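What follows is a set of notes on a single structure, which appears directly below.
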DNA sequence: TAAAATAGTGAACATTTGTTCACTTTTCAA
DNA sequence: TTGAAAAGTGAACAAATGTTCACTATTTTA
């Protein structure tokens, strides 16, 4: 059997369960009649960098997770169908540096479209102290989240939209206000109900 | 020990290795002196939905992976620091529906800024046959990737930018052209070198 | 402070797992 | 077509794993 199709089956199993199969389970997943077949397959996949071993356990390797990633455009680049991308990128790992202090917030409104943040987008927000002037931040104003660019001017903090139809807000003029965090990334999905 | 902090340790272990620790390994990870302590902890976490069990194996549960997700803005919503989000969202799973036929491409140029796709963004591209009029697509023109809106007019296919400074392209006028796939999502990371 | 509930311990044991080996079958190249 | 290389088989076994139990320590609550 082709190694690429076996790899896809392991990836699919891992996506579904969050773990790799044991050698016994590989019989079912890959159609083997023997446990040891799985064992030898894993050896091969370790060589390719798809899997790793660590004290009797099988772990995903660097080429196992993530998606094929085309970094830049080379002149005369062949169709991606023909040639495999050599790099893989995991969106989760790419977008989130500090998973312990990161939250996701769905954006309402169009006040930041000029900065490429559209209604329904999900912003990746790091809840770490220092927000600097020019950072895109999420502020909590009167219990509502709002995404704006933070501007520090004359010692005061302002929230600046990226859409001429909206006004600049004076953060401290709100009786109840706080900075939720700094926007470190944006994720958008097309073809979704935007309710 | 607080369950929340134990959970973070397991999450962190899982992020690093791609697998959950065995009960023996939990002694090291969680500071237990006994294997069975880990066993009872897992029981508790199964109740909370953080973990699952399936034939002698521990699997991540629905509340284990992903990030806290604030779906919508409720009036009088408390600070996220005070109240835990009840929902978790995995960016990978959210952004990618068909992992087997999806690739990532880094965007060059600013021809789609009007649609919220900026230079350096990563587009999530599904390499499945049918692209319809109005879809944002990636086309391969003379070996270069380009992101545009596909328009079908009078039986011909055009590539329409979302930036007035760029012209509409006639797809079939290029000697070598092909549709790479349909853009199903966008991921952007701030604070990155954009070379 | 005392009682009750929760969390952690350490030994024991059956199962399952990873791993090896000699062997057979299949695939591929000469 | 034949021979060599690669892939898969099935039995065997040691080591690691999950699981239970009776017990102790710690934390919580009344």
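Residue numbers (the working numbering), protein chains in the order written: chain A, 1 to 195; chain B, 1 to 195.
Quick reminder that beta carbons are idealized off the backbone N, C-alpha and C, glycines included.
Just so it is clear, the structure is predicted and the values come from calculations on it, not from any experiment.
Item, Value
"Run the CB neighbour count on residue 128 (chain A), radius 10 Å, all protein chains shown included, and call it buried at 16 or more, exposed below.", "exposed"
"Taking all protein chains shown into account, do 16 or more other C-beta atoms lie within 10 angstroms of the C-beta of residue 36 (chain B), making it buried, or fewer, making it exposed?", "exposed"
"So which residues of chain A does residue 175 (chain B) contact, with C-beta pairs closer than 8 Å?", "Simply none; closest approach about 13 Å."
"Spatial neighbours of residue 6 (chain B) within its chain, please: CB distance less than 6 Å, with the 5 preceding and 5 following residues excluded, ordered by chain position.", "30"
"How about the stretch 176 to 186 of chain B and the stretch 134 to 142 of chain B: do they share at least three Cβ pairs that are nearer than 8 Å?", "yes"
"When you compare the CB of residue 166 (chain B) with every CB in chain A, is at least one pair closer than 8 Å?", "no"
"So, are the CB atoms of residue 51 (chain B) and residue 61 (chain B) less than 8 Å apart?", "yes"
"Determine whether the beta carbon atoms of residue 123 (chain B) and residue 183 (chain B) lie at a separation below 8 Å.", "yes"
"Could you spell out the range, first to last residue, of the beta strand (DSSP E) harbouring residue 153 (chain B)?", "144 to 153"
"With DSSP as the reference, label residue 117 (chain A) as helix, strand or coil.", "coil"
"Report the residue from A:166, A:172, A:162, A:117 whose alpha carbon sits nearest the alpha carbon of residue 152 (chain A).", "A:172"
"Sorry if obvious, but does the Cβ on residue 28 (chain B) come closer than 7 Å to a heavy atom of the ligand MG?", "The ligand content of the structure shown is nil, which means the ligand MG is not present either."
"Taking residue 114 (chain B) as the reference, give the member of B:149, B:185, B:125, B:94 with the closest Cα.", "B:149"
"Does the separation of the CB atoms of residue 98 (chain B) and residue 126 (chain B) fall below 8 Å?", "yes"
"Relative to the C-alpha of residue 69 (chain A), which residue among B:87, B:116, B:69, B:121 is closest?", "B:121"
"What separation, rounded to the nearest whole angstrom, lies between the Cα atoms of residue 168 (chain A) and residue 111 (chain A)?", "10 Å"
"Which residues in the same chain have their Cβ closer than 7 Å to the Cβ of residue 87 (chain A), if we skip the five residues on either side of it in sequence?", "69, 71"
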